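Peer 1: What follows is a single structure, and I will ask about it in a moment.
Number of protein chains: 2
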Amino acid sequence: MKRTTLKDIAKALNTTIATVSRALHDNPEISDEMKNRVREVAKLYDYKPNSTALSLKFQKSYTFGVIFFTLNQYFTTQILSGLLQEATKNGYKLIVAESNYDPKKELELIQEFYELNVDGILILPSRKLNTKRFELENIIRDDVPFVIIDRTIYFEKKKIPFITSDDYVGTREGISHLIKKGYKRFAQIKGLDSSSISNIRYQAFLETLTRHKLEIDHRKIISCQEFTKEEGEELANQLMSLEDKPDVIFCISDMVAVGVLHALRKKGYRVPEDVAVLGFSNSNICEVCTPQLSTIHQPGVEMGKKSIKLILSNIKQKKDISDVKIVMKTKLIEREST
Amino acid sequence: MKRTTLKDIAKALNTTIATVSRALHDNPEISDEMKNRVREVAKLYDYKPNSTALSLKFQKSYTFGVIFFTLNQYFTTQILSGLLQEATKNGYKLIVAESNYDPKKELELIQEFYELNVDGILILPSRKLNTKRFELENIIRDDVPFVIIDRTIYFEKKKIPFITSDDYVGTREGISHLIKKGYKRFAQIKGLDSSSISNIRYQAFLETLTRHKLEIDHRKIISCQEFTKEEGEELANQLMSLEDKPDVIFCISDMVAVGVLHALRKKGYRVPEDVAVLGFSNSNICEVCTPQLSTIHQPGVEMGKKSIKLILSNIKQKKDISDVKIVMKTKLIEREST
DNA sequence: TTGTAGGCGTTATCAC
DNA sequence: GTGATAACGCCTACAA
């Protein structure tokens, strides 16, 4: 039941492994007769080259390591799908790991991936990885391409390519669309200040309102931590207990927006008449909730594919990708909640 | 920037790689002095053993190959999370692949995994893999453990371990609970007849009704293919256009159930007063929809963990697992739709 | 206590 | 046209 090797074939044909190897590679120096005999036996024995040996020989594993801060979100699994599709299409495998929001684990996983001789590393980091960016900068090796997906982390000296969705424009489009519809009192449920993603959306939110000469009420801008439905409910209640109630609640995630919807319904507010609710990501829950949730679509699958293309452009065409920053278009998806 | 090898350390210390290797393995034959010197240099050079070389040497990769028919469902990503947790905990990596419901691709992926020298293969097969079970049986190798998750496939000669959720008991509990509540006219939206999962739930559905001496109306039992919300809506409309309308619709998946809910609401039926709706899986959409969906919880994360434990019991303790069939408890989750 | 050499499976550079 | 051999990085039985 052991796998057949070149040696086995060589023995069977009373020749050497060198000849067998060459024959299987269709080396012109080998006679057609020998080639045929080798191929025949190879087929008979169901010979398959040993990829571990090849990895050792060529110092390449045709493997990428991928780290997700979680796989428990629709958006992240969409990215995984995209990564897988493009990777397998190009003959690469993916070793997948989940850090569960733990930046320390992310650093460890990166080290492990290097030890595994992966040909590249892609990471959807937790928000907190930014606090460990100095350690990260020291760990990252220059000879193995590294791509950061969805977030942006700035280093002292190193240049690392990023791939994100265009949350700035996405937010701007969403907000200005609502402004055009006549909404005026905008609230935002954002993430923590340490999140690059949250900050971009926050900036876009502020600047879009400012450009349209709308007042910005900072009591209507609050942060959530866990991005859960429960948190969304709680924060919505908080917002609706303000003297001057919002007529738009722009949320950091779809799940938070769903929580907001629930809270609003419980309190008897009509959506979108009294209050419009806008989510972010376009996950599978948007079509499920009532009213169906308007949101800003992030192209997860495409981002995954693009990430692999990017890393392969470095590996195959030796392109310098260290300066690359890919920003993928988002799209406003209007449903019933706005 | 090249990784340091035993050779580098040996050269630095004017000794041989054998000595270095032994010193690093704390071999008692090596003098303490040499050990210290080796360790020092190893640390200095940041030596890390080359796992590819070890794989080649020991014919083990500490890697499992995992195949998912899709990663686009909450349940499957829960399983992935469980697999990852337990695998990394035990020092194993996961190479992940997605077959996109294509049984041919599944067979190919299995072959590829063998060529990669994985130490085990786990698969959540597509329904259609059963049609290729003869080919599958021929492909599966006896020296690499193989585990089938979520579905059951029966072979001529080979014995393969399965791990599934107890859909029979889950269905029975769900249905009998509804019977106790006074519902009488049960409809089922099941999957195709070629699906082992669907059939188990179908059997449990029939037998539970029979045991409670309730009439079985076969016009109320219909199949869906894509498990989408749209299909759920369509089939619900079909069911509600029957002369004798059902007062329960038991669905093959949560997403289908959500479609049913939408259709019922559009037609003005009240849930759960006029019609109760029961889903399957307990995915994240259940709490999102209105009314919140009652469902039968499948323990995805636990199934993933258990699968790894199973395969490791074969690898580490040499246990024969070929006859194992693990059936994990489900749990009825009652929410607003029943 | 340490060194030598063979082998894991492959490719590539020499010879012949 | 084919064979022998070194090398990839590591471990280990056997020598010394």
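For the protein sequence lines, the chains are A and B, in the order given.
Convert by adding 189 to the 1-based position in the first sequence; the result is the number in my numbering.
Convert by adding 189 to the 1-based position in the second sequence; the result is the number in my numbering.
The beta carbon of each residue, even a glycine, is placed where N, CA and C say it ideally should be.
All values derive from a computational prediction rather than experimental measurement.
#1: By the 8 Å beta-carbon criterion, what residues does the stretch 466-491 of chain B contribute toward chain A?
#2: On the CB-based measure, 16 or more other CB atoms within 10 Å of its CB, does D512 (chain A) come out buried or exposed?
#3: May I have a chain-ordered list of the alpha helix (DSSP H) segments no shorter than 4 residues that lie completely inside the stretch 365-421 of chain A?
#4: So, at 6 Å on beta carbons, what are the nonlocal neighbours of A376 (chain A) in its own chain, with the 5 sequence-adjacent residues on each side left out?
#5: Report the rounded CA-to-CA distance for A212 (chain B) versus F344 (chain B), giving the unit in angstroms.
#6: In whole angstroms, what separates the C-alpha of L272 (chain B) from that of P314 (chain B)?
#7: Measuring straight from C-alpha to C-alpha, what distance separates T266 (chain B) and L260 (chain A)?
#8: Is the separation between the beta-carbon of G421 (chain B) and that of F264 (chain B) shorter than 8 Å?
#9: What do you get for S472 (chain A), buried or exposed, if any count of 16 or more other CB atoms within 10 angstroms of its CB means buried?
#10: Could you please tell me which residues of the stretch 283-305 of chain A, in chain order, have their CB closer than 7 Å to any CB of chain B?
#11: Alpha carbon to alpha carbon, what distance is there between E415 (chain A) and V445 (chain A)?
#12: Please state whether the Cβ-Cβ distance between Y391 (chain A) and D308 (chain A) is less than 8 Å.
#13: Whose C-beta lies closer than 6 Å to the C-beta of G530 (chain B) among residues of the same chain, with five residues either side of it excluded?
#14: Please tell me whether K434 (chain A) has its Cβ less than 8 Å away from any Cβ of chain B.
#15: Measuring CA to CA, which of A:F258, A:A286 and A:K455 is closest to L318 (chain A)?
#16: Which residue comes first and which comes last in the beta strand (DSSP E) that contains E287 (chain B)?
#17: As an exercise, report each continuous alpha helix (DSSP H) stretch of at least 4 residues that is fully enclosed by the stretch 416-473 of chain B, in chain order.
#18: Is DSSP giving K514 (chain A) helix, strand or coil here?
#19: Taking the runs of the beta strand (DSSP E) that are 3 residues or longer, which of them lie wholly in the stretch 314-342 of chain A?
#20: Roughly how many whole angstroms lie between the Cα atoms of I389 (chain A) and D356 (chain A)?
#21: Give me the residue from B:I504, B:R192 and B:Q262 with the minimum Cα distance to K232 (chain B).
#22: Looking only at its own chain, which residues have a Cβ that is under 7 Å from the Cβ of Q487 (chain A), when we skip the five neighbours before and after it?
#23: Report the three-state DSSP secondary structure of I504 (chain B) (helix, strand or coil).
#24: Identify, in the order they occur along the chain, each residue of the same chain with its Cβ nearer than 7 Å to the Cβ of S387 (chain A), setting aside the five sequence neighbours on each side.
#25: I'd like the span of the beta strand (DSSP E) that includes K520 (chain B), first residue to last.
#26: Return no unless some Cβ of chain B is closer than 8 Å to the Cβ of L453 (chain A).
#27: Cβ closer than 8 Å: which chain B residues qualify as neighbours of A231 (chain A)?
#28: Can you check DSSP and say which residues form a bridge with T252 (chain A)?
Peer 2: Quick look at the numbers:
#1: Residues N473, I474, E476, V477, C478 and T479.
#2: By 1-based counting over the first sequence, the position of residue 512 (chain A) is 323. Per the 10 Å Cβ criterion, exposed.
#3: Those alpha helix (DSSP H) runs which fall completely within the stretch 365-421 of chain A and span 4+ residues are 385-400.
#4: Here residue 376 (chain A) is taken as the residue at index 187 of the first sequence, counted from 1. Excluding positions up to five away in sequence, the list reads K409, L428, P435 and I438.
#5: Counted from its first residue, the second sequence places residue 212 (chain B) at position 23. Counted from its first residue, the second sequence places residue 344 (chain B) at position 155. If you take the alpha carbons of A212 (chain B) and F344 (chain B), they lie about 50 Å apart.
#6: Residue numbering aside, residue 272 (chain B) sits at position 83 when the second sequence is read from its first letter. Residue numbering aside, residue 314 (chain B) sits at position 125 when the second sequence is read from its first letter. Answer to the nearest angstrom: the Cα atoms are 15 Å apart.
#7: Position 77 of the second sequence, counted from the first residue, corresponds to residue 266 (chain B). Position 71 of the first sequence, counted from the first residue, corresponds to residue 260 (chain A). Looking at the two C-alpha atoms, the distance is approximately 7 Å.
#8: Your numbering for residue 421 (chain B) matches position 232 in the second sequence. Your numbering for residue 264 (chain B) matches position 75 in the second sequence. Going by C-beta atoms, G421 (chain B) is not nearer than 8 Å to F264 (chain B).
#9: Sequence index remark: in the first sequence, residue 472 (chain A) carries index 283 (1-based). S472 (chain A) should be labelled buried.
#10: Under the 7 Å Cβ criterion, the stretch 283-305 of chain A contributes L283, I284, V285, A286, E287, E304 and L305.
#11: Residue mapping note: residue 445 (chain A) aligns to position 256 of the first sequence, counting from 1. Residue mapping note: residue 415 (chain A) aligns to position 226 of the first sequence, counting from 1. Approximately 9 Å between the Cα atoms of the pair.
#12: For the purposes of this step, residue 391 (chain A) is taken as the residue at position 202 of the first sequence. For the purposes of this step, residue 308 (chain A) is taken as the residue at position 119 of the first sequence. Going by C-beta atoms, Y391 (chain A) is not nearer than 8 Å to D308 (chain A).
#13: Nothing in the structure corresponds to residue 530 (chain B), since chain B is present only between 190 and 527.
#14: Indexing the first sequence from 1 puts residue 434 (chain A) at position 245. With 8 Å as the cut-off, K434 (chain A) does not count as an interface residue toward chain B.
#15: Here the question's residue 318 (chain A) lines up with position 129 in the first sequence. The shortest C-alpha separation from L318 (chain A) is found at A:F258.
#16: In the second sequence, the residue the question calls residue 287 (chain B) occupies position 98. Run containing E287 (chain B): K282 to E287, per the beta strand (DSSP E) assignment.
#17: 418-429 and 443-455
#18: Looking up residue 514 (chain A) in the first sequence gives position 325. It is a strand residue.
#19: Here the runs fully enclosed are 335-338.
#20: For the purposes of this step, residue 389 (chain A) is taken as the residue at position 200 of the first sequence. For the purposes of this step, residue 356 (chain A) is taken as the residue at position 167 of the first sequence. Answer to the nearest angstrom: the Cα atoms are 7 Å apart.
#21: Position 43 of the second sequence, counting from 1, holds the residue named residue 232 (chain B). Nearest option by C-alpha distance: B:R192.
#22: Start at 1 with the first residue of the first sequence, and residue 487 (chain A) comes out as number 298. Once the five neighbours on either side are set aside, the close Cβ partners of Q487 (chain A) are F264, S354, S470, N471 and T519.
#23: In the second sequence, the residue the question calls residue 504 (chain B) occupies position 315. Here I504 (chain B) sits in helix by DSSP.
#24: What you label residue 387 (chain A) is simply residue 198 of the first sequence in a count that begins at 1. Excluding positions up to five away in sequence, the list reads K379, G380, L381 and I441.
#25: Reading the second sequence from its first residue, position 331 is the one you call residue 520 (chain B). Residues K520 to I522.
#26: On the first sequence, position 264 is the one that residue 453 (chain A) refers to. Not an interface residue.
#27: Sequence index remark: in the first sequence, residue 231 (chain A) carries index 42 (1-based). By Cβ distance, chain B contributes nothing, its closest Cβ being about 14 Å from A231 (chain A), past 8 Å.
#28: By 1-based counting over the first sequence, the position of residue 252 (chain A) is 63. Answer is A:K282.
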